[in-house]
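Data first, discussion second: the structure below is written as structure tokens.
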Amino acid sequence: MTGRPRALDVATGVAAAYASRLLAEVGWDVVKAEPPDGDPLRREASRWGGGVGGAFVFANVGKRGVTVDTLTLERLAAAADVVIGDFSPSGLQSMGLPHDAFEVLSPRQALTSVSAFGITGPKSGWVATDLVVQAASGLMFLTGEYDQPPMQLPPYQGAITGGVAAASATLLAVRSSRRDGKLHRTDMSTVEALAVHTAAQVSEYVYRGAVARREARVKGGLRMVPANDRFVYCAPGAVATMRMDGIATLLDEPRLAEARFQTAEGRMEHFDEFVGLFAPPFKRKSARQWFEEAEALHLTFALVQTIEDLFHCPQIEARQLLRTTEAPDGRQVRTPGRPYRSIGGPEPATRPAPARPGMHTDEVLAEWLGEAR
Amino acid sequence: LTDAPLAGIRVLAMEQAVALPVGTRHLADMGAEIIRVQSHARRAPGLAEIDLTRNKRQLALDLTVPGASEAFLAVAAKCDVVAHNYTPRVVRQFGIDYEAVRAVKPDIIYVSLTGFGTTGPWGERPLFGPGAEAVSGHNVLIGDADGWPGRPGTIVFADTTCGLNAAFAVIAAIDERDRTGKGQHIDVSLYETSVAQLGPVIVEAQLGAIPARVGNDDINFAIHGVFTCRGLDRHLAVTVHHDQTGLLTKVMGLAGATAFDLAEAVREREASDVADVLQSHGIAATLVADAGDASMDEHLWSRHYFGLVERHLGGMEGQVYPHIGPAWGSGAIVPMEESRPVGADSDAILRDLGGYSPDEVDDLFARGVTGVVQPATVSSAPGAGQTRIERGELSRVDPEHDGWRTAARGAGMLP
Chain A
1 MTGRPRALDV ATGVAAAYAS RLLAEVGWDV VKAEPPDGDP LRREASRWGG GVGGAFVFAN
61 VGKRGVTVDT LTLERLAAAA DVVIGDFSPS GLQSMGLPHD AFEVLSPRQA LTSVSAFGIT
121 GPKSGWVATD LVVQAASGLM FLTGEYDQPP MQLPPYQGAI TGGVAAASAT LLAVRSSRRD
181 GKLHRTDMST VEALAVHTAA QVSEYVYRGA VARREARVKG GLRMVPANDR FVYCAPGAVA
241 TMRMDGIATL LDEPRLAEAR FQTAEGRMEH FDEFVGLFAP PFKRKSARQW FEEAEALHLT
301 FALVQTIEDL FHCPQIEARQ LLRTTEAPDG RQVRTPGRPY RSIGGPEPAT RPAPARPGMH
361 TDEVLAEWLG EAR
Chain B
1 LTDAPLAGIR VLAMEQAVAL PVGTRHLADM GAEIIRVQSH ARRAPGLAEI DLTRNKRQLA
61 LDLTVPGASE AFLAVAAKCD VVAHNYTPRV VRQFGIDYEA VRAVKPDIIY VSLTGFGTTG
121 PWGERPLFGP GAEAVSGHNV LIGDADGWPG RPGTIVFADT TCGLNAAFAV IAAIDERDRT
181 GKGQHIDVSL YETSVAQLGP VIVEAQLGAI PARVGNDDIN FAIHGVFTCR GLDRHLAVTV
241 HHDQTGLLTK VMGLAGATAF DLAEAVRERE ASDVADVLQS HGIAATLVAD AGDASMDEHL
301 WSRHYFGLVE RHLGGMEGQV YPHIGPAWGS GAIVPMEESR PVGADSDAIL RDLGGYSPDE
361 VDDLFARGVT GVVQPATVSS APGAGQTRIE RGELSRVDPE HDGWRTAARG AGMLP
């Protein structure tokens, strides 16, 4: 047996796939089993039109791909340290797995299910898309404009967050298994992983009955201000934390240092006047210029970058966060690598997502099962 | 709990704000001993902070006072993990950077949780979670096409995400250390973990798409959106695949299968009722849950998502309240011990781990190297509810807000 622990990914979709990708990022040998016609995620179209989606390429970096029958899948599972998949009814169906797969598959250490609502409880049969996950988690209720219906976050926030949590839970299960020699089963829900973001709001409700809502425009308008090209993010949190002397200097508008604007209450009271002085100067320069100049004055500003901006960001470039990989059609694309750097730890994964389902079947069967085909 | 997965792992965390405290809370929940280091020269924590400090021990150190860095390193030498979320400049200044800690504990797992990472042109810049959401590209993707950029609800989206990634990194590093005997320096940032959350979008942008704000739309679905229902700020989220439109019209009795038809049909209905009906036919739908809904969600309670913590803070002595579990659920199996006052364990930690004698510890107290802060007072009074509704911070204030008790009893967690 080689030293690298083995994970079998039987997932369709993003959450479980991202969980097993993270294991590949810390040195695991990860094999992705797909139905003969491939993970449906391969065929997903972009939300914005223009081509295929990016989730398959992103979530499956670092894996080899196999297509096998159910019997062989069970044998691969038994040869793996962990199996990760979506064992909800809809997840099993899309993988073509038997209904009792969560009980039947028996890797050596850990079996992790990652699904929207989990596989127990009154909603375990519910189906979901990421919109529904975001809505059920409580996070979406808080996102958007105060006087408008709740607004979705970017795609796959539930799935990716759930994937990080599932990777963690899987490693913890492995640790427990090393201790007691048993197989540990974990039933993860992406709704729950995303709901962790709303801990403070839930606490405020159970203590005080207060139902936090989407942020009012009156405050939101001060967070992001248009510069001459894009938006500046000019407050770390609420306006309450603004340092007005520094801002007056930065914007060359001495009136902003006047007493009535020094406190959050004062700025709210004189809101129109305040915004009238505060917002227009930003039009003089680019967001990037404000970002740099604010730093010199020790003001914690950020800039509102577009996705395109990320490809030209000097920080991303310097730290090589975006790694070149290959899409199934052969195009070279950049994708976020391991989400953190580790000095002295294992090398991050480099293998592109399997271009074709089952392209590594023979070599994996040989290595994992000792079979020649 | 000696059979908890991280039993026997000790973490020294010089932590502030949200991101690292969330990460170490996950580790604490799974059995790690977390020693939270913070200065006693600051005010007592509020509600948000006590929720981040359950299951943690408290060591107070004022690192600006001579002798404090030595005390930090003395304790660090007895730890598996040292973590901080200060800028690189600050930890260098205090003499507790990776090299300094590795000198006293060669296989240390050292975590720097920063805004942009510890290297690169932006490496020394401070950054808060909401700024990380903006700079990483989340904000430009939230909102209506013709509106301004939005932002993820809550002010802790990037923080919570980063904390979760940091917890993964630590768990993986412990695993690695146990196999190889080597520690590592984990360099995790708000910015980069937020960018990673947009992985699919980033790839897509190179495959022909132009990512932009599209409200609640997704052109791959026949219907993909949020619909206002009966009641104050009540909404239904629904996604209907193209091959489900016939089913939708039949189930809902619609004239047509457009979003407009659905909007008219649900306007005067209860969102949760409609969600039940649609789900019973395999159409993905849910009430857009608010904090109150979450607190009494029978599904979450039945899965033991919530745990119970007995509060001992001023104003809440002896009262039991639910608290969310770790991100991988199972809150009910996590022992939840009340947040302890800043510095509450200073004396024991400095003696048992730091190796200081009782006299030396007294001296550290006398010189202000360490100290104790009075416990927090947390009010469960509703506060200025009406004012906060008028200021646009709250939807409503429910005079009765203990519906969670019924759900907790249903789950067998309360008698």
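Read top to bottom, the protein sequences are chains A and B.
For the first sequence, the residue numbers in the working numbering are 1 to 373.
For the second sequence, the residue numbers in the working numbering are 1 to 415.
Where is the CB? At the ideal position from N, CA and C, for every residue including glycine.
Here the structure is a predicted model, which is why all the values come from computation and not from measurement.
| Asked | Found |
| --- | --- |
| Could you spell out where the beta strand (DSSP E) holding Lys56/B opens and where it closes? | Lys56 to Ala60 |
| Please decide whether Met413/B counts as near chain A, where near means a Cβ-Cβ distance under 8 Å. | no |
| Let me confirm a value: Ser280/B is counted as buried when at least 16 other C-beta atoms fall within 10 Å, else exposed. Which label applies? | exposed |
| Compile a chain-ordered list of the residues in the stretch 34-62 of chain B whose CB is closer than 8 Å to at least one CB of chain A. | Leu47, Ala48 and Asp51 |
| Does the beta carbon of Gly137/B come closer than 8 Å to any beta carbon on chain A? | yes |
| Applying the criterion that 16 or more other CB atoms from any shown protein chain within 10 Å of the CB defines a buried residue, is Lys182/B buried or exposed? | exposed |
| According to the Cβ coordinates, are Pro149/A and Thr228/B closer than 8 Å? | yes |
| Kindly indicate which residue of Ala68/B, Lys105/B, Ala145/B and Val75/B has the alpha-carbon position closest to the one of Phe365/B. | Ala68/B |
| With H, G and I counted as helix, E and B as strand and the rest as coil, what does DSSP make of His185/B? | strand |
| If you draw a straight line from the C-alpha of Val239/A to the C-alpha of Arg234/B, how long is it? | Bear in mind that a pLDDT of 44 at Val239/A, under 50, signals an unreliable position, so the model cannot answer this. |
| Between the stretch 184-204 of chain A and the stretch 27-44 of chain A, do three or more beta carbon pairs fall short of 8 Å? | no |
| Given Ala275/B, which residues of its chain have a CB within under 7 Å of its CB, disregarding the five upstream and five downstream residues? | Leu236, Ala285, Thr286 and Leu287 |
| What is the DSSP secondary structure of Ile219/B, counted as helix, strand or coil? | coil |
| Identify each residue in the stretch 333-351 of chain A for which the Cβ-Cβ distance to at least one residue of chain B is less than 9 Å, and report them in chain order. | Val333, Arg334, Thr335, Pro336, Gly337, Arg338, Pro339, Tyr340, Arg341, Ser342, Ile343, Gly344, Gly345 and Pro346 |
| Would the stretch 155-175 of chain A and the stretch 198-205 of chain B be scored as touching if the rule is three or more Cβ pairs under 8 Å? | yes |
| Name the chain A residues that come within less than 8 Å of Leu254/B, Cβ to Cβ? | Here the premise fails: no neighbours, minimum Cβ distance about 20 Å. |
| Counting contacts by CB-CB distance shorter than 8 Å, is Val239/A in contact with chain B? | Legend: pLDDT at Val239/A = 44, less than 50; position of this residue unreliable, no value from coordinates given. |
| Closer than 8 Å, Cβ to any Cβ of chain B: which residues of the stretch 80-106 of chain A, in chain order? | none |
| Checking contacts by CB at 8 Å: is Lys78/B closer than that to chain A? | no |
| Take Leu365/A as the anchor and find which of Ala19/A, Leu23/A and Val31/A has the nearest alpha-carbon. | Val31/A |
| Would you check if the stretch 213-224 of chain B and the stretch 75-82 of chain A touch, i.e. whether three or more CB-CB distances between them fall below 8 Å? | no |
| List the residues of chain A that Pro21/B touches, going by C-beta distances under 7 Å, in chain order. | Neighbours of Pro21/B on chain A: none; closest Cβ ~11 Å, over 7 Å. |
| Does the beta-carbon distance from Leu254/B to Ala271/B come in below 8 Å? | no |
| Start and end of the beta strand (DSSP E) containing His184/A? | His184 to Ser189 |
| Contact between the stretch 133-145 of chain B and the stretch 348-363 of chain A is defined here as three or more beta-carbon pairs at a separation below 8 Å; is this criterion met? | no |
| Under the DSSP definition of a beta bridge, which residues are partnered with Ala212/A? | Leu394/B |
| Applying the 10 Å Cβ sphere with the 16-neighbour rule, what's the burial state of His299/B? | buried |
| Quick check on Ala294/B: buried or exposed, where buried means 16 or more other Cβ atoms within 10 Å of its Cβ? | buried |
| By the three-class DSSP mapping on this structure, what secondary structure does Leu299/A have? | coil |
| Is the stretch 5-24 of chain A close to the stretch 83-91 of chain A, with three or more CB pairs under 8 Å? | yes |
| Residues in the same chain with beta-carbon distance under 7 Å from Arg4/A, minus the five sequence neighbours each way, listed in chain order, please. | Gly27, Trp28 and Asp29 |
| Determine the extent of the beta strand (DSSP E) in which Ala78/A is found, giving its start and end residues. | No beta strand (DSSP E) holds Ala78/A; the alpha helix (DSSP H) holding it covers Thr70 to Ala79. |
| Using CA atoms only, rank isn't needed, just tell me which of Pro121/B, Phe168/B, Phe116/B and Glu70/B is closest to Asp97/B. | Glu70/B |
| By Cβ distance below 7 Å, which residues in the same chain neighbour Gln332/A in space, the five residues on each side in sequence not counted? | Thr324 and Glu326 |
| Could you check if Ser106/A is buried or exposed, using at least 16 other CB atoms within 10 Å of its CB as the buried criterion? | exposed |
| Tell me which residue opens and which closes the beta strand (DSSP E) that Ile333/B is part of. | Here Ile333/B belongs to no beta strand (DSSP E), and DSSP marks it neither H nor E. |
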